[in-house]
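Q:
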Amino acid sequence: MYLEAADRLLHTALPGAVGTWPRACAWLLRIELETALDGFWARTCPEVGTATRAQRTKLLMLTAYADPGITRRAGYAWWALSRAGHHHHYELGVTATELARLRDEVVELIRLLRAHE
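Residues in the sequence shown are numbered consecutively from 0, following numbering that gives the first Met the number 0.
And the structure:
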């Protein structure tokens with residue numbers, strides 16, 4: 000659901016969204032990643048999923064349950080999307096190309112998290 004909305008923002012110029020769509024897209028992608036992480040925890044160790052709502056904590060716990068490569072990639076994607084979702088004075092915003100790359104990374108992470116049992 001969130002991924003489809005992010006795709007629409009990436010590929011369709013929406014009236015009134017000039018300048019705001021990159022941040023909205025980043026948040027939608029981050030929510031999609033967090034949803035996949037919640038699904039991973041529900042399948043792998045439900046106690047972690049119910050013990051905290053903090054995604055950063057869940058990402059830190061991922062090191063004990065998933066491949067280090069998955070953990071590293073998920074942590075970076077979450078950080079990059081969080082950073083892209085905030086306005087930073089005197090910095091350029093995230094580009095469509097960067098968001099497309101992050102989108103592809105989120106899709107791959109979803110696949111890896113679902114395959115990891």
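A virtual CB, placed ideally from N, CA and C, is assigned to each residue, including glycine.
#1: State the DSSP-derived secondary structure class of H10, mapped to helix, strand or coil.
#2: Would you call the CB atoms of L28 and L80 closer than 8 Å?
#3: Where do the N-terminal and C-terminal ends of the alpha helix (DSSP H) with R110 fall, by residue?
#4: Using only alpha-carbon positions, find the residue among V105, R113 and R82 that is nearest to A5.
#5: How about H10 and D66: are their beta carbons less than 8 Å apart?
#6: In whole angstroms, what is the alpha-carbon distance linking R71 and L61?
#7: Which one of T19, H86, I109 and M0 has the shortest CA to CA distance from A76?
#8: Would a C-beta distance cut-off of 8 Å place L58 and G74 closer than the cut-off?
#9: Roughly how many angstroms lie between the CA atoms of A83 and V93, to the nearest whole one?
#10: If Y1 sits next to T34, beta carbons under 8 Å apart, how far is it from one beta carbon to the other, in whole angstroms?
#11: Contact check, L98 vs P45 under 8 Å by CB: the rounded distance?
A: In short:
#1: By 1-based counting over the sequence shown, the position of residue 10 is 11. Helix at H10.
#2: Reading the sequence shown from its first residue, position 29 is the one you call residue 28. Reading the sequence shown from its first residue, position 81 is the one you call residue 80. Contact: yes.
#3: Here residue 110 refers to the residue found at position 111 when the sequence shown is read from its first residue. Per DSSP, R110 belongs to the alpha helix (DSSP H) from A95 to A114.
#4: Locating residue 5 in the sequence shown gives position 6, where the first residue counts as 1. Selected option, being the one with the closest Cα: V105.
#5: For the purposes of this step, residue 10 is taken as the residue at position 11 of the sequence shown. For the purposes of this step, residue 66 is taken as the residue at position 67 of the sequence shown. No. Outside cutoff.
#6: One-based indexing of the sequence shown puts residue 71 at position 72. One-based indexing of the sequence shown puts residue 61 at position 62. Going from the Cα of R71 to the Cα of L61 covers about 9 Å.
#7: Position 77 of the sequence shown, counting from 1, holds the residue named residue 76. Considering only alpha carbons, the answer is I109.
#8: For the purposes of this step, residue 58 is identified with residue 59 of the sequence shown, where counting begins at 1. For the purposes of this step, residue 74 is identified with residue 75 of the sequence shown, where counting begins at 1. Yes; because the gap between Cβ atoms is below 8 Å, this pair is in contact.
#9: Here residue 83 corresponds to residue number 84 of the sequence shown, with the count starting at 1. Here residue 93 corresponds to residue number 94 of the sequence shown, with the count starting at 1. Spanning the two alpha carbons is a distance of roughly 6 Å.
#10: Translated into the one-based positions of the sequence shown, residue 1 becomes position 2. Translated into the one-based positions of the sequence shown, residue 34 becomes position 35. Sure, about 7 Å apart at Cβ, within 8 Å.
#11: As a first step, residue 98 must be located in the sequence shown, where it is residue number 99. As a first step, residue 45 must be located in the sequence shown, where it is residue number 46. Between P45 and L98 the Cβ distance is about 32 Å, and since that is not below 8 Å, they are no contact.
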